Structure formats: structure tokens, C-alpha cells
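Chemist: Take this structure, written in C-alpha cells, and hold onto it; I'll ask about it next.
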Amino acid sequence: MGLIVITAAAVAYGVAAGLLLPRAAYRLSVAPDAPWRDRCPEGHPIPGWLGLSRCQAGGPGSAAHRYGAGPAWTAALAGALCGVLGGVLGGRPEAVVFVAAAPVLLLLGLVDLAVQRLPDVLTLPLAAALALGLGGAAQLPGAAGSWTDALAGGGVLAGAYLVLFLINPAGMGFGDVKLALALGVTLGWYGWGVWAAGAFLGFLYGALYGLGLVLRGSAGRRTTFPFGPFMAAGALTGVLLGGFGA
1 MGLIVITAAA VAYGVAAGLL LPRAAYRLSV APDAPWRDRC PEGHPIPGWL GLSRCQAGGP
61 GSAAHRYGAG PAWTAALAGA LCGVLGGVLG GRPEAVVFVA AAPVLLLLGL VDLAVQRLPD
121 VLTLPLAAAL ALGLGGAAQL PGAAGSWTDA LAGGGVLAGA YLVLFLINPA GMGFGDVKLA
181 LALGVTLGWY GWGVWAAGAF LGFLYGALYG LGLVLRGSAG RRTTFPFGPF MAAGALTGVL
241 LGGFGA
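With full-length UniProt numbering, letter number 59 in the sequence shown gets 59, and the count goes up by one each step, no holes.
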């Protein structure tokens with residue numbers, strides 16, 4: 001019964017958070033050095049950062065128009081991600097940290113898919129929040145990971161991505177390096193085996209997607225595509241493997 005309650009709570013949190021993501025994704029989906037969007041496509045001011053991607057310029061009784069990502073599928077995806085994490089990790093204290101971070105990773109994926117950008121306003125605070133959150137979780141009974149390995153994992157994965165960025169800046173964005181810091185902390189928590197698996201799977205997922213584009217004739221060898229969602233998918237898989245193993 002306890003696991004059912006935890007999973008249900010995680011799903012409810014994910015759905016609620018997913019409903020709030022579309023407006024933030026729309027506002028953040030701009031080119032580098034461009035100001036964040038503050039108006040809908042019709043030119044009406046957007047109130048706040050979180051909420052549905054719906055605009056009622058004439059007031060509550062006026063006709064509304066939608067923009068950006070649909071809230072139904074962002075809520076469903078966030079609920080599924082959080083539910084799976086909650087169900088696998090159960091009552092371990094790190095579950096709260098990972099479930100809380102899942103909608104932020106989804107938001108990063110939405111922005112990266114839209115404009116191939118991972119904003120610093122999300123990546124760097126996410127890395128800090130994960131490090132602090134797991135540091136707190138490590139002090140509680142039932143924690144199944146290592147905070148020192150998490151910190152080391154973040155530094156090593158970010159360093160590896162930095163080397164790749166320096167070797168081929170056209171094929172690897174610096175935002176990926178910053179995201180790697182957060183994902184490395186996440187993967188390092190359950191040890192270096194999980195870290196290696198999650199890092200490898202991120203590259204594998206991206207390579208399979210790129211190969212699919214080439215085979216379909218939708219891309220060439222030099223075509224770039226957003227890599228952040230595949231990094232996040234690899235890290236999620238690694239955390240699930242670590243949770244099962246623990």
C-alpha cells in the first residue's frame with residue numbers, strides 16, 4: 001500500500017507540474033542572446049512564467065487562443081515520468097529529489113527541441129539543486145546512494161562533455177556541457193556503473209535518432225539536432241537501473 005501511495009503522489013505532482021510547463025517553455029524558446037518572450041503570438045502580454053499556454057486578451061469572458069506546447073501531453077508525460085520514478089525508487093529519500101527534478105528536465109527538453117538551446121537559467125540551478133538535495137538525502141535513513149560519488153560524477157561527466165565541445169563546437173553545444181553537470185550528479189548517486197550506463201545510453205539514444213533521420217532522408221552527416229532530450233533519457237534510464245539495483 002505504501003508504494004501505491006508514493007506512486008500516486010508522484011503521478012499527481014507530475015501532472016500538476018506538467019500543466020504549468022507550456023507557458024514557461026514558450027517564453028524560454030528563443031534564440032541565444034534574445035530576450036525571453038513576454039507576449040503571445042497575437043501580441044498580448046503573458047502574465048507570469050508558469051501556467052497554461054492560453055491567452056485571453058479581452059478578459060475572462062473573451063475568446064481564448066492557445067500557443068506553444070499542449071498542456072494535455074506535457075501533463076501526461078510529466079505524470080508518467082514522475083510516476084515511474086516514484087514507483088521504482090519507493091520510499092527512499094532520494095526519490096523526492098529525482099521526482100522533483102523530472103519536470104525541469106522535461107521543460108529543458110521542450111526548449112531544446114524548439115530552438116536547440118538549454119538555458120542557463122534552468123541548467124545551472126538544476127545542478128545546484130540536485131547536489132544540495134542529494135546531500136540532504138544522504139543524511140537520512142534509507143538513502144541508497146553516495147553524495148561524494150554524485151558530486152564526482154557531475155564533475156567528470158561535465159568535463160567529458162567539455163572536451164567534446166572543445167573538439168567539435170559545431171556538434172556539441174555548451175548548454176549540453178552544463179546539463180551534463182546536473183545529469184552526472186544524478187547518475188553518480190548510484191555509483192560508477194550506473195553513471196557509465198546512463199552516460200552511454202544518452203549517446204546511444206541520440207545516435208539511433210540521428211541514424212533514423214539519415215535513413216529517412218531527413219538529415220545528412222552534418223545535420224545538427226537537439227541532444228539534451230537524449231542525455232536526459234539516458235540519465236533517467238540509469239536512475240531507474242540504479243533504483244532497481246538498490
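The beta carbon of each residue, even a glycine, is placed where N, CA and C say it ideally should be.
In this text the structure is predicted, and so the values were computed from the model without any measurement.
(1) Can you tell me whether G42 is buried or exposed, with buried defined as 16 or more other CB within 10 angstroms of its CB?
(2) Three-state secondary structure (DSSP) at C55?
(3) Which residue's Cα is closest to the Cα of L19: D33, P32, A76?
(4) If you draw a straight line from the alpha carbon of G14 to that of G109, how long is it in whole angstroms?
(5) For the alpha helix (DSSP H) containing A180, name the first residue and the last one.
(6) Do G198 and G243 have their C-beta atoms within less than 9 Å of each other?
(7) Taking only beta-carbon positions, decide if R92 is within less than 9 Å of chain E.
(8) Relative to the C-alpha of V194, which residue among L157, G210, L162, F225 is closest?
(9) State the DSSP-derived secondary structure class of P45, mapped to helix, strand or coil.
(10) So what does DSSP say about C37, is it helix, strand or coil?
(11) Which residues bound the alpha helix (DSSP H) around T148?
(12) Take L21 as the anchor and find which of P71, P35, P47 has the nearest alpha-carbon.
(13) May I have the straight-line CA-CA distance separating W147 from A131, to the nearest angstrom?
(14) What residue range is occupied by the uninterrupted alpha helix (DSSP H) comprising L50?
(15) So, do the region 100–120 and the region 172–190 have three or more beta carbon pairs nearer to each other than 8 Å?
(16) Just list the residues that DSSP pairs R66 with in beta bridges.
(17) Given a cut-off of 9 Å on the beta-carbon distance, is the pair K178 and T224 in contact?
(18) In the DSSP assignment, find the unbroken alpha helix (DSSP H) run with R216 in it and report its ends.
(19) With DSSP run on the structure shown, which of helix, strand or coil describes A235?
(20) Determine the DSSP secondary structure at T123, reduced to helix, strand or coil.
(21) Over the uninterrupted alpha helix (DSSP H) stretch that includes P103, give me the two end residues.
(22) Would you identify the three-state DSSP class for T224, choosing helix, strand or coil?
(23) Evaluate A34 with the Cβ neighbour count: other Cβ atoms within 10 Å of its Cβ, from every protein chain shown; 16 or more gives buried, anything less gives exposed.
Modeler: Result, derived from the coordinates:
(1) Looking at the sequence provided, one finds Glu at residue 42 rather than Gly. Per the 10 Å Cβ criterion, exposed.
(2) strand
(3) A76
(4) 15 Å
(5) 174–188
(6) no
(7) Here there is only one protein chain, and chain E is not present.
(8) L157
(9) strand
(10) A quick correction: the sequence has Arg, not Cys, at residue 37. Coil at R37, not helix or strand.
(11) 147–167
(12) P71
(13) 8 Å
(14) Run containing L50: none; DSSP gives neither H nor E here.
(15) yes
(16) R54
(17) no
(18) 192–216
(19) helix
(20) helix
(21) 94–115
(22) coil
(23) exposed
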